[in-house]
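The opening residue of the sequence shown carries number 1 in UniProt numbering; numbering runs sequentially from there.
Note that the Cβ used here is the ideal one computed from N, Cα and C, for glycine as well.
Each remark here refers to the structure printed beneath this line.
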Amino acid sequence: MEQKKFDINSFIGFVLIFGILIWIMYQNRPSETELAAEKAKKEQLAKQTENKNAAVKTVATSTSASTPGDSLQLAQLQKSLGAFAYSATLPSAKAGFTTIENDLVVLKIANKGGYIAEATLKNYKRFEKNSNELVSLIKNNNSDLNIQLNTADNRILNTKDLFFEPTLTKNGEDQILTMRLKSNENAFLEYRYVLHPNNYMIDFDVRSQGLNKIINTSKPLDLEWDLKSYSNEKSISYENRYAEIYFEYEDGKIDYAGVGEHGEETPEKVSFVAYKQHFFSSILLTNKPFETSKLESTSLVNDEKVDTTFTKQFTANMPLAFSNGELDYKMNWYFGPTDYKTLKQYDKNLQKIVPLGWGIFGWINKFIFIPIFGFISSYLSLGIAIIVFTILIKLAMSPITYKSYVSQAKMKVLRPEIAEINEKYKGDAMKKQQETMKLYNKAGVNPMAGCIPALIQMPFLYAAFQFFPSAMQLRQKGFLWADDLSSFDAVVKLPFTIPVYGDHISLFPILAAIAIFFYMKMTTGDQQMAAPQQEGMPDMAKMMKIMIYISPIMMLLFFNNYGSGLSLYYFISNLITIGIMYVIKYKIVDSDKIHAQIQENKKKEPKKQSKFQQRLQEVMEQQEAAKSSTKKKK
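Have a look at this one:
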């Protein structure tokens with residue numbers, strides 16, 4: 001065992017550091033004059049605080065008994081706070097909070113402003129190694145809720161600057177917090193929060209009583225809601241890509257306020273506004289739609305290495321209309337995950353803020369991907385679930401793959417005959433096309449049969465591109481070397497940044513790129529053998545060869561920063577496709593049998609043409625007749 005030895009260099013180093021610290025403390029000690037000034041400042045501050053507390057206490061008692069001195073204090077408050085000076089005399093007129101919580105969320109509501117000062121999700125953690133910090137959608141003054149009050153004496157007061165009186169009660173398991181901004185005991189603006197058990201949705205009512213003579217009710221009041229969305233994920237740039245404002249307007253229409261650096265919309269009849277982050281959302285809903293609105297979204301990430309706290313600045317301005325001189329809005333807050341199933345259960349159209357794609361892509365995700373993957377992932381770990389899910393999808397698509405390859409094999413068998421037609425009618429493109437179509441019809445081969453199956457598979461590829469980045473269940477779930485399937489799987493951190501690619505190397509995109517290369521190598525070779533050479537397109541074969549190399553490179557560049565779950569899906573998908581096509585090519589499809597079958601088909605009566613083929617034949621014959629007529633005139 002090695003003995004510990006005295007290290008003179010370490011000893012000298014420690015002595016020097018200790019000496020430097022003593023010298024710094026000595027040099028920065030306050031002088032006698034500074035100490036005396038600091039003492040006087042503290043005494044003055046304590047005296048001011050005492051006077052202020054005495055003034056508030058005096059005004060508070062003025063509601064029951066009034067003296068000339070009390071009236072003076074109340075007059076001073078009225079000068080600054082106007083009709084709502086009474087609120088400042090209440091015991092709650094201090095910077096306090098009321099906390100309500102259930103099994104899912106913790107909410108802290110501030111007395112000053114009456115709005116939610118903190119919203120924390122109990123079951124989700126931020127992505128930080130060795131950290132147990134929970135996801136907080138609101139904290140440290142990143143959000144404001146404000147109503148501008150236009151008073152009868154031409155003042156403009158902001159509710160975020162005024163004190164509300166809190167009252168917390170319970171109704172069964174429901175927690176009810178009433179916040180009142182009072183002009184007097186019978187005139188007030190009220191926020192009412194109701195938190196239900198095991199629920200992300202909070203009831204939020206805004207109403208007024210007796211304020212029609214205190215504030216101007218001839219026009220709506222502006223409700224302003226601002227929020228700077230915190231980054232909670234591994235990659236702030238990837239997270240920022242999916243952060244945007246969604247809104248519902250005009251009885252069920254869903255839209256969003258731009259993508260990118262800045263977006264702005266002014267929709268009408270708005271029934272909810274959602275500040276959507278990648279995997280979490282803060283949503284304000286209303287039963288009585290806002291007549292107009294102004295919504296803005298601005299990116300706060302200019303440099304992802306420096307701007308690491310916030311992703312977007314969200315702003316909404318919506319008017320609250322009076323009814324019979326009073327406000328009465330039944331609204332809701334939602335603070336929770338941007339999860340399709342969770343949002344859908346509220347039956348308020350909220351699930352549409354999850355970007356699953358439009359048209360057929362969205363249908364595939366809603367009715368195929370979400371149910372099947374949800375079922376599989378409830379029994380298996382997420383990485384294995386992706387693999388099993390991919391296998392099921394590819395097996396379901398295998399008949400289409402089979403038809404596509406058989407069509408290519410038939411075209412390959414006909415290639416020599418098509419080459420003869422091309423040579424025979426080399427100078428007559430129209431005649432060559434007609435004879436080629438006759439050959440296809442006589443042999444019972446549909447040249448479009450190889451394209452249609454490929455087109456059918458394309459929507460599934462794009463649907464997966466939308467599905468996996470939106471799959472909440474992948475968040476912070478690891479597989480093999482990937483620590484989070486919803487983010488990139490960096491295996492090497494680069495000391496520099498490559499444009500587009502990034503500052504790290506992800507392994508799953510590399511595997512997916514390799515699989516794509518071999519898949520394209522296999523399919524492109526067959527397509528080149530099957531497809532006849534067309535005049536005017538001498539470089540098509542060369543272009544197809546180039547695509548064999550471009551596609552994997554594109555995969556590497558663009559998917560390096562995408563979620564590893566998506567890259568894993570594409571890797572397994574292409575791997576399975578290669579396997580299926582290998583089995584079809586070498587174990588199922590027999591080129592000799594196909595050739596014999598085509599020869600038999602030629603002996604039979606030609607297959608009746610489809611309407612499309614008939615129409616195409618007619619067009620070609622008309623063009624040929626017109627061409628012959630032109631030649632005769634010459």
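- Each residue's CA atom was taken as its position, placing residue 294 and residue 281 some 19 Å apart.
- Rounded to whole angstroms, the separation of the alpha carbons of residue 191 and residue 204 is 7 Å.
- Taking a cut-off of 8 Å on C-beta distances, the segment 180-187 does not touch the segment 327-347, as fewer than three cross pairs fall below it.
- A direct Cα-to-Cα measurement between residue 247 and residue 311 gives close to 19 Å.
- Runs of the beta strand (DSSP E) lying entirely within the segment 194-235, each at least 3 residues long, are 201-209 and 221-230 in chain order.
- Taking a C-beta distance under 8 Å as the contact criterion, residue 489 and residue 496 do not qualify as a contact pair.
- Under the three-state reduction of DSSP, residue 339 is assigned to coil, being neither helix nor strand.
- For residue 415, the enclosing alpha helix (DSSP H) begins and ends at 382-424.
- Spanning the alpha carbons of residue 269 and residue 290 requires a straight line of approximately 5 Å.
- Counting C-beta pairs closer than 8 Å gives three or more between the segment 106-118 and the segment 128-148, which meets the contact rule.
- Excluding the 5 residues flanking it on each side, residue 574 has same chain C-beta neighbours closer than 6 Å at 515, 516 and 519, in chain order.
- Put simply, the backbone Cα of residue 553 is about 29 Å away from that of residue 299.
- The three-state secondary structure of residue 122, taken from DSSP, is strand.
- Only residues of its own chain outside the window of five on either side were considered, and among them 90, 92 and 180 have a CB closer than 6 Å to the CB of residue 165, listed in chain order.
- Take the alpha-carbon of residue 346 and the one of residue 208: they are about 28 Å apart.
- Bridge pairing for residue 180: 165 and 190 [DSSP].
- The way I'd put it, the segment 467-487 doesn't touch the segment 402-418; fewer than three beta-carbon pairs between them come closer than 8 Å.
- A contact is defined here as three or more CB-CB pairs under 8 Å, and the segment 112-123 meets this definition with respect to the segment 139-150.
- CA-CA distance, residue 403 to residue 393, rounds to 17 Å.
- For residue 485, there is no enclosing beta strand (DSSP E), since its DSSP letter is neither H nor E.
- Cβ neighbours of residue 256 within its own chain (closer than 7 Å, five residues either side excluded): 244, 245 and 246.
- In this structure, residue 147 sits near residue 223, with a CB-CB distance shorter than 8 Å.
- Here the C-alpha atom of residue 99 lies approximately 22 Å from the C-alpha atom of residue 285.
- Bridge partners of residue 246 according to DSSP: 256 and 274.
- Membership of residue 371 in the alpha helix (DSSP H) is indicated by the continuous run 370-377.
- Going by DSSP, residue 362 is part of no beta strand (DSSP E) but of the alpha helix (DSSP H) stretching over 359-364.
- In the DSSP assignment, the residues bridged to residue 319 are 222.
- According to the DSSP assignment, residue 98 belongs to the beta strand (DSSP E) that extends over 97-101.
- Residue 496: member of the beta strand (DSSP E) spanning 490-498, first to last residue.
- Between residue 506 and residue 567, the C-beta gap is smaller than 8 Å, which places the two residues in contact.
- DSSP places residue 92 outside both helix and strand once states are collapsed to three, so it counts as coil.
- Contact between residue 242 and residue 509 is ruled out by a C-beta separation of about 19 Å, above the 8 Å threshold.
- Checking the DSSP bridge columns, you'll see residue 110 partnered with 97.
- Measuring C-alpha to C-alpha distances from residue 216 to each of 342, 156 and 272 identifies 156 as the nearest.
- Annotated three-state conformation of residue 574 is helix, per DSSP.
- DSSP places residue 311 in the strand class (E or B) of the three-state scheme.
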